[in-house]
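A short write-up of the structure that comes next.
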Amino acid sequence: MQIASHEDPHLSRLADQVALHGEHYSEIPAEIVQSMKRLQMSGDAGKGRINMVHSHHYPSTPPPPPGMHYGSNHTSQVLYDRYHRAMHQTSFYTPDRLYHDTYEPVAMQDMRLLSTPKAYYEHEPTYNRHFVPVHHHPAAGLRSSLPWKPDAARDYSYAHPMEEMQQDKTFREKAKPSQPSTPLHQSILLDDFRATVKTKQWELIDARGHIVEFAKDQHGSRFIQQKLETAKTDIKDIVFSEVFPVALALMTDVFGNYVVQKFFDHGNPDHVLQLMHIINGRMIDLALQMYGCRVIQKALESDYHAEKLELICELEGQVLRCVKDQNANHVVQKCIEVLPWKDPSASRYIERASFLLAAFEGNVYSMATHPYGCRVIQRVLEHCSDVQMATILVEIQDACSLLVEDQYGNYVIQHVLQHGQPAERSALINKIYPDIVRFSYHKFASNVIEKCLMYASVEQLHVIMRHVMDASDGECPLQVMMKDQYANYVVQKLIDVADASERDKMVAIIKTQATLLKRFTFGKHILNRLEKLTGYKMM
């Protein structure tokens, strides 16, 4: 398609461009060509660029051809109403135009933009900034085939509120957790690796210069981890030389953190010390981070006690904050696990880390009833000496009746029964057994009662047996406990720990309820347990 050449040659070029991009149209209407002639050209003798208006304005397309009208329920009417309520100049935004601007083909808009008189380009930005038409959105730019300058889209649009909000790093980091940092544009080498890893024998030296990129890739990270286990010292040094400058970033990367951890296991002493020096001063930040906390736990497992103590001491003043954090609580647990609490030769070492236990004093109940804090208390009960945790044990015993029925606190009580000294166990059981029947009906407390039966002394077991089989009130508690969804497990444990005479008494009581017990699944469990232990046929 050609246009008469006796007109301005620059206009002819513009018309050719429109024809090229508007491939859905076989010819340009004569009225559009006439309008093109009236467009002002910029530069010396017209360099083929349309004069731009002030950057506070942006182009607006003209109204649709006459006769295109839409009803009041049409989509465009809703847009028109929004503009009208925002006190905008609706003369430029009739319902017809709003619909046309939003839904018409790009090629048609290009042609209509050329045919628009200059007056249509000059109007004020939208007052209602929460509503942005599709063709005004900054990301969309100007939908035209004309040779606009590269930054024209931003000059002729205004910032959307969400665009400014998303540029705020603090907002973005709080909005979502750390994401995989695999680059959008991977190197050719990484692409080749992922395509041939199963058919080609790759070595670490093949990834030289791209180690960091491999470490941040799921498959590349796994490859480095596997190869480091058997790599020679010089190869490990090559890999570490690329990892070390960005080690801090890799520690918090979803895949890169595993590469750093592998150096704690298979790196040489110099590698380990350099990594620990990077962590030094950043202990809290890394402990609170999803992947950084894993690297710290691995660092605390190393054999460099002085360096480990420096890291642990960074937690001073922040212990309770870390205890109740979903990531940092694992770091506190690891600190308690690796410290030589019961080693007399490490007394000075332990004295420096005593702030850990001091932070727990007075806060045992709140920690024991916390989903993360209860784990930390359990580690203390496992690794610390009686003297070191004496204050903690007193607080546990004082809150025993409350902790028994708590969904997290019951684990702390069970841990004392399992890892405590005989005197500590006996003290707890003496506090619990008077309410053994009531606790047996409780979802969480019933687990504690089972633990009490496992660690009770012979004398305490006799007292408990007499208590549950006492029929002075007409019906002994055992008969009721057999029919409960939680207490039946306590009955099964009673059968296990009872001596011969006590078991015979229990059999006599259970037989009277055998017909009823057969109707319930947990009742059948009790009957089966008796049959295995006594040989009596109960069913």
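If you're matching positions, the sequence shown starts at 228 in this note's numbering and goes up one per residue.
Glycine is no exception: its CB is placed at the ideal position from the N, C-alpha and C atoms.
Predicted model only: the values in this text are computed from it and were never measured.
Below 8 angstroms on the Cβ atoms is my contact criterion, and I expect Val466 with Ile438 to pass it. Report the Cβ-Cβ distance as a whole number of Å.
5 angstroms
Below 7 angstroms between beta carbons: does that hold for Arg602 and Gln560?
yes
Sub-7 angstroms separation of Gln605 and Ile656 beta-carbons:
no
Which class does His493 belong to by DSSP, given the choice of helix, strand or coil?
helix
What separation, rounded to the nearest whole angstrom, lies between the Cα atoms of Asp570 and Glu578?
12 angstroms
Taking the alpha helix (DSSP H) that Glu609 belongs to, which residues open and close that run?
600 to 610
Who are the near neighbours of Val695 in its chain, counting only those whose CB is closer than 6 angstroms to its CB and skipping five residues on each side?
Pro704, Leu705
Helix, strand or coil at Asn755 [DSSP, three-state]
helix
Check whether Val486 and Ser529 have beta carbons under 7 angstroms apart:
no
From which residue to which residue does the alpha helix (DSSP H) around Leu513 run?
510 to 514
Determine the direct distance from the alpha carbon of Leu620 to that of Gln641, and round the result to whole angstroms.
13 angstroms
DSSP three-state call for Gly436: helix, strand or coil?
coil
Taking all protein chains shown into account, do 16 or more other C-beta atoms lie within 10 angstroms of the C-beta of Glu215, making it buried, or fewer, making it exposed?
This structure cannot speak to residue 215, because the chain is shown only from 228 to 766.
Proximity to His646 [Cα-Cα], best of Met681, His498, Tyr599
Met681
Contacts around Tyr716, its chain only, beta-carbon distance under 7 angstroms, and the 5 residues preceding and following it disregarded:
Ser673, Glu677
What does the Cβ neighbour count give for Glu349, buried or exposed, with the cut at 16 atoms within 10 Å?
Residue placement at Glu349 is flagged as unreliable, the pLDDT there being 44, under the threshold of 50; a coordinate-derived value is accordingly withheld.
With a threshold of 7 angstroms on Cβ separation, who are the neighbours of Val631 within its own chain once the five nearest residues in sequence on each side are excluded?
Asn637, Ile640, Ile659, Phe666, Ala672, Val675
Alpha-carbon spacing of Asn484 relative to Gly600, whole angstroms:
25 angstroms
By how many angstroms is the C-alpha of Gln516 removed from the C-alpha of Ser468?
25 angstroms
What did DSSP end up calling Arg746 once you bin it into helix, strand or coil?
coil
Let me check understanding here. Comparing Cα to Cα, which of Tyr531, Phe749, Ala595, Arg548 lies closest to Leu629?
Ala595
Which value, in whole angstroms, describes the spacing of the CA atoms of Lys745 and Ala725?
23 angstroms
Would you mind listing the alpha helix (DSSP H) stretches within the stretch 497 to 571 that are 4+ residues and don't spill past its ends, in chain order?
510 to 514, 519 to 527, 532 to 540, 546 to 550, 555 to 565
DSSP three-state assignment for Phe450, whether helix, strand or coil:
helix
Would you decide whether Asn507 is buried or exposed? Buried here means 16 or more other CB atoms lie within 10 Å of its CB.
exposed
Proximal residues to Tyr668 (C-beta, below 7 angstroms), its chain only, five neighbours per side dropped:
Asp711, Tyr713, Ala714
Could you work out which residue in Ala586, Arg548, Asp731 is closest to Thr618 when comparing CA atoms only?
Ala586
Secondary structure of Asp590, DSSP reduced to three states:
The amino acid at residue 590 is misidentified as Asp; the sequence shows Asn. Note: Asn590 maps to coil in three-state DSSP.
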